[in-house]
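Q: Structure below; questions to follow.
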Amino acid sequence: MDPTMFSQYLYKMALVTALYAAPPLLIATGVGFIIALFQALTQIQDQMLPQAVKLLAVGLSLLYLGAQLSRPLVDLTVEVFRDFPYLVQ
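Using this note's numbering, you'd call the opening residue of the sequence shown number 30 and step up by one each time.
Shown next, in the form of structure tokens:
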């Protein structure tokens, strides 16, 4: 395997990882901001509330978007295993 092909696979893997992680992270950030704003307005000092709500939001987002998000990961895995005999020559 030449360095160009190796760097191409690393780039693809990093891109797939970023695409898989972005929606739950954005949802957790948005939910965290809304909960923090709510806590600031009502002066609630509970630390468990934002964590529980973010955990629930991320879990639901992965449940809802899991199939769509995992498709590029499965495609890349199939591509790597398909090209494996050519990569090790």
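Glycine included, every Cβ here is placed at the ideal spot set by N, Cα and C.
1) For Ile56, report the span of its alpha helix (DSSP H) as first-last.
2) If we ignore side chains and look at the alpha-carbon of each, how far apart do Leu66 and Leu89 end up?
3) So the alpha helix (DSSP H) Gln80 belongs to, where does it begin and stop?
4) For Pro101 and Leu48, which I take to be in contact (beta-carbon distance under 8 Å), what is that distance rounded to the nearest angstrom?
5) Would you call the CB atoms of Met42 and Leu105 closer than 8 Å?
6) Among residues of its own chain, excluding the 5 on either side of Tyr40, which ones have a beta-carbon nearer than 6 Å to its beta-carbon?
7) Roughly how far, in whole angstroms, is the beta-carbon of Leu91 from the beta-carbon of Pro53, given that I think they are within contact range, below 8 Å?
A: In this structure, then:
1) Pro32 to Thr71
2) 22 Å
3) Met77 to Leu116
4) 6 Å
5) yes
6) Hits under 6 Å: none found.
7) 6 Å
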